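Chains H and E supply the protein sequences, listed in that same order. Residues 787 to 1127 in the numbering used here are what the first sequence lists, from first letter to last. Residues 787 to 1127 in the numbering used here are what the second sequence lists, from first letter to last. Built from N, CA and C at the ideal position, the CB exists for glycine as well. Nothing here was measured: the structure is a model prediction, and the numbers come from that model. Following: one structure in structure tokens, then a few remarks.
Protein chains: 2
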Amino acid sequence: MAKTTLKDISKALNISISTVSKALADSYEISEKTKKIVQEYASKMNFSPNKVAQSLKIGKTNTIGVIVCAINNTFMSEILDGIQKASIETGYDIVIMQSREDIMIEKACIEVLNARGIDGLLISPVSETSNINLLQELQENETPVVIFDRIVNQLKTDKVGINNFEGAYKATKHLIEQGRTNILHITGHQLGVSKDRLNGYKDALREFDIPLKPYYFIECNIQDTEILDQQIKTAILKALSSDNKPNAIFGATDVITTRTLGILANLGIKVPEEIAVIGFSNISIPFALNPALSRIKQPAGEIGNIAMKKLIYLIKHPTYNDFETVELETILEIRKSSSLN
Amino acid sequence: MAKTTLKDISKALNISISTVSKALADSYEISEKTKKIVQEYASKMNFSPNKVAQSLKIGKTNTIGVIVCAINNTFMSEILDGIQKASIETGYDIVIMQSREDIMIEKACIEVLNARGIDGLLISPVSETSNINLLQELQENETPVVIFDRIVNQLKTDKVGINNFEGAYKATKHLIEQGRTNILHITGHQLGVSKDRLNGYKDALREFDIPLKPYYFIECNIQDTEILDQQIKTAILKALSSDNKPNAIFGATDVITTRTLGILANLGIKVPEEIAVIGFSNISIPFALNPALSRIKQPAGEIGNIAMKKLIYLIKHPTYNDFETVELETILEIRKSSSLN
DNA sequence: TTGTACGCGTTATCAA
DNA sequence: TTGATAACGCGTACAA
């Protein structure tokens, strides 16, 4: 039993295809009587219009493309969750692709989605300027683009992310208020958000008149966890052997922070007694870490949800160009890793 | 600048549409000369065929539907990662939906995907018998279905999951070999995989002639973490106050196991000195838990990858019905939570 | 070797 | 109020 089409209904009821189509669309042109007959028969046959044919006719695919760097972490899957929720509310389908932090793969993703046909694109770009011309082409082809999470891209459009400066400031200030003034900041190499987070860190230090020690800011390789572990360990040991021993670490990402906890445990350094730890993190089980992790949590689901809704708005209002950058507030969660109480 | 079509090329080169179409398909009917002209112009114009029109013509959407219960956890996002990889290799698009552990939502997902048009469906069902008739209808409509992760559904088709019995057996045996004989098994209510895991647990006990104590097997509510926490705590306290105090806990899921660690820490019970812990788990940072968590790890990416490839095979071989259930092997990872060495 | 004509399932315009 | 017809872009059987 194949799917029912307008033609099938037309034949069965001896009514023309176009009348059937209009009747199902509840058109004012059609008599109530005919409408009733058609609609009843259609629902009896479980008719639903062929979306592919509709797409071809209308020129819209009702599909949104989503490009993220990696899907296999809690932060991104929460964002996707938010996107998905919004897609259900709005009736759009979403097709997700992964760029795996590679500009060439990102390029391929954009091209595949474009060839496939999408009404709009949500993208968390690999880097600040990656594939910016391709994205511009999309926009010129009347396919709106919204950037999320990594809101550094120079593209003229809506962007949705978090206030990284403010989040880093809050984390650092919290550590200082706990009496920790020698704060090591470990961040990622080539990480789009690192600049803002570094500035937030610096700003908090400045506010409390704490001088910034140069080797207290380390950029690590976050692609390869072996190298990362080595770099974190070296950084900690170097700082420990200095005049001003560190008594706190502020990690810029989930991976950095959790691995730091592991390394500190291996080194036999007590957290938070000797070194307090806080980090940007969205793992679902901060309480189960060793020790329970204080963190700056990002409203991941909301990022996705808002980004999706902004995109839908752009799709429905093609001429709108009063673009906006939304920076959501982060949440400071204090647990044992940064607090002796 | 809209997208180039066959018609555009036809006009520009003064060649009929069908000749252009055939030339681009490298048809034997067309002269090399014409082919060259057409192909060069097409690639210059960056032509790619309109997928929607192709779909309408061919009756295939080149899209696979994926229905999972929840996307926001490491286990599932690793599976999706595997599905995605396979989809790139095979050139299919994937549309992901979430059933949120709700049979009615699951039903809606299936209907939406069916209305949209998919060439095949990958589903991790909410429960053993959920929407089985709908899925059968899909199959009758020549849309193959492959079941993954939760391979308990009675549908006649390919299924890909893990060997839960074996995994539970390995975990339990490991605990016994560590000298732990009073092993509490905490599992989830209405969890499809729980029966097999329970049997693996029982089998290992039997092999070592350890009697099964009835209140050493607890089914908890895994929907609501508040209730779950309470149930785990009560179970532990009850067992502790019995004649045979537990010296190990085997958790059936990620959430159960990590929350158990948290509860044990709150109760001031030392892991692994007093109680060893092991669980089914796929979190990315077992080493950062308190203490580093021993676990049965599931080859999540592979589950997705294999399921996708089996589905593609079914799509390409509509008459094939020699269905198979693949049970992948789990990996035992021993860390501090279950080992004193 | 090339071109014409038709159909996939819709929607929309215009005529009846 | 209804129906015939064209069109979206592509692929293909058949005619030239």
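- Start-end ranges of the alpha helix (DSSP H) lying completely within the stretch 913 to 974 of chain H, minimum 4 residues: For the alpha helix (DSSP H) assignment, the uninterrupted runs of no fewer than 4 residues enclosed by the stretch 913 to 974 of chain H are, from N- to C-terminal side, 918 to 926 and 950 to 963.
- Message: Just checking: is the beta-carbon of H/Gln825 within a distance shorter than 9 Å of some beta-carbon in chain E?
- Response: Contacts with chain E at 9 Å (Cβ-Cβ) do not include H/Gln825.
- E/Ala839 touches chain H at which residues, Cβ-Cβ below 8 Å? Under a criterion of Cβ atoms nearer than 8 Å, the residues of chain H adjacent to E/Ala839 are, in order, Leu842.
- Task: Tell me, please, whether the CB atom of H/Phe1066 is closer than 9 Å to any CB atom in chain E?
- Result: No, no contact with chain E.
- Query: Counting Cβ pairs closer than 8 Å, one from the stretch 1040 to 1055 of chain H and one from the stretch 1071 to 1090 of chain E, do we hit at least three?
  - Reply: Under the Cβ criterion (8 Å, minimum of three pairs), the stretch 1040 to 1055 of chain H counts as touching the stretch 1071 to 1090 of chain E.
- Query: Run through DSSP, which three-state label would E/Ala831 get?
  - Reply: Correcting the residue identity first, residue 831 of chain E is Met in this sequence and not Ala. Coil at E/Met831, not helix or strand.
- Beta-carbon contacts of E/Thr805 that lie in its chain and below 7 Å, excluding the five residues immediately before and after: Take E/Thr805, set aside five residues on each side of it, and the residues of its chain with a beta-carbon closer than 7 Å to its own are Ile816 and Thr820, in chain order.
- Message: One question on the structure: do H/Lys734 and H/Gly1087 come within less than 9 Å of each other, judged by their Cβ atoms?
- Response: Residue 734 of chain H is absent from the structure shown; chain H starts at 787 and stops at 1127.
- Item | Inter-stretch contact (C-beta, 8 Å, three-pair minimum) for the stretch 858 to 866 of chain E and the stretch 860 to 868 of chain H | Result yes; three or more Cβ-Cβ pairs closer than 8 Å.
- By the 10 Å Cβ neighbour count, where 16 or more other Cβ atoms means buried, how is E/Arg992 classified, buried or exposed? By the Cβ neighbour-count rule, E/Arg992 is exposed, with fewer than 16 other Cβ atoms within 10 Å of its own.
- Looking at chain E, which residues of the stretch 1080 to 1091 of chain H have a Cβ within less than 7 Å of any of its Cβ atoms? From the stretch 1080 to 1091 of chain H, no residue has a Cβ closer than 7 Å to chain E.
- Task: Go ahead and pull the three-state DSSP assignment for H/Asp888.
- Result: The answer is coil: DSSP assigns H/Asp888 none of H, G, I, E or B.
- Task: Helix, strand or coil for E/Asp812, going by three-state DSSP, please let me know.
- Result: Of the three classes helix, strand and coil, the one that applies to E/Asp812 here is coil, per DSSP.
- Item | Neighbour list for H/Val881 in chain E, Cβ cutoff strictly below 9 Å | Chain E residues near H/Val881: Thr849, Asp879, Ile880, Val881 and Ile882.
- Query: If you draw a straight line from the C-alpha of E/Lys981 to the C-alpha of E/Glu1110, how long is it?
  - Reply: Rounded to the nearest whole angstrom, the CA to CA distance from E/Lys981 to E/Glu1110 is 21 Å.
- Task: Return the chain-ordered list of same chain residues with a C-beta closer than 7 Å to the C-beta of H/Lys1024, the five sequence neighbours on each side being excluded.
- Result: Excluding positions up to five away in sequence, the list reads Tyr1001.
- Query: E/Leu1079 by DSSP, collapsed to three states: which one?
  - Reply: It is coil, neither helix nor strand.
- Query: Who are the neighbours of H/Glu914 on chain E, taking C-beta pairs under 9 Å?
  - Reply: For H/Glu914, no chain E residue has a Cβ inside 9 Å of its Cβ, as the nearest lies near 25 Å away.
- Query: Taking buried to mean at least 16 other C-beta atoms within 10 Å of its own C-beta, is E/Gln940 buried or exposed?
  - Reply: E/Gln940 comes out exposed.
- If you draw a straight line from the alpha carbon of E/Thr973 to that of E/Ala856, how long is it in whole angstroms? Those two C-alpha atoms are separated by around 19 Å.
- Query: So which of E/Asn917, E/Tyr1099 and E/Arg936 has the shortest CA-CA distance to E/Ile1089?
  - Reply: Closest in alpha carbon position to E/Ile1089, among E/Asn917, E/Tyr1099 and E/Arg936, is E/Arg936.
- Item | H/Asp905 in three-state terms, based on DSSP | H/Asp905: coil per DSSP, three-state reduction.
- Message: Which residue wins for smallest C-alpha separation from H/Asn900, given the options H/Lys999, H/Ser1067, H/Pro930 and H/Asn836?
- Response: It is H/Pro930 whose Cα lies nearest to the Cα of H/Asn900.
- Query: Quick one: what does DSSP say E/Glu1088 is sitting in, helix, strand or coil?
  - Reply: Reduced to three states, the DSSP call for E/Glu1088 is helix.
- Message: Rounded to whole angstroms, what is the Cα-Cα separation between E/Glu1113 and E/Val946?
- Response: Cα to Cα, E/Glu1113 sits roughly 6 Å from E/Val946.
- Message: Taking 9 Å as the threshold (C-beta atoms), are H/His960 and H/Ser1080 in contact?
- Response: In this structure, H/Ser1080 sits near H/His960, with a CB-CB distance shorter than 9 Å.
- Message: Just checking: is the beta-carbon of E/Leu866 within a distance shorter than 9 Å of some beta-carbon in chain H?
- Response: So yes, E/Leu866 belongs to the interface.
- Message: Using only CA atoms, which one of E/Phe934, E/Glu887 and E/Asp1029 lies nearest to E/Ser913?
- Response: When each option's Cα is compared against that of E/Ser913, the closest is E/Glu887.
- Message: Out of H/Leu998, H/Gln884 and H/Val838, which one is the CA nearest neighbour of H/Lys789?
- Response: The shortest Cα separation from H/Lys789 among H/Leu998, H/Gln884 and H/Val838 belongs to H/Val838.
- Item | Exposed unless 16 or more other CB atoms sit within 10 angstroms - verdict on H/Ala1034 | Residue environment analysis places H/Ala1034 among the buried positions, since at least 16 neighbouring C-beta atoms fall within 10 angstroms of its C-beta.
- Message: Check whether the stretch 834 to 850 of chain E and the stretch 888 to 898 of chain E are in contact - that is, three or more C-beta pairs closer than 8 Å.
- Response: Contact fails: fewer than three Cβ-Cβ distances are below 8 Å.
- Query: To which residues of the same chain is H/Ala957 closer than 6 Å at the C-beta, ignoring the five residues directly before and after it?
  - Reply: For H/Ala957, where only same-chain residues beyond five positions count, the Cβ hits under 6 Å are Phe1036, Ile1064 and Ile1082.
- Task: Per DSSP, which residues does H/Gly1037 bridge with? Please list them.
- Result: DSSP lists H/Ile972 and H/Gly1065 as the beta-bridge partner residues of H/Gly1037.
- Could you spell out where the alpha helix (DSSP H) holding E/Thr1111 opens and where it closes? That residue, E/Thr1111, is in no alpha helix (DSSP H); its beta strand (DSSP E) goes Thr1111 to Leu1114.
- What residue range is occupied by the uninterrupted alpha helix (DSSP H) comprising E/Glu1059? Note, E/Glu1059: premise wrong, no alpha helix (DSSP H); not H, not E.
- Item | Short Cβ contact (9 Å threshold) for H/Gly953 with H/Ile1098 | At least 9 Å separates the beta-carbon of H/Gly953 from that of H/Ile1098.
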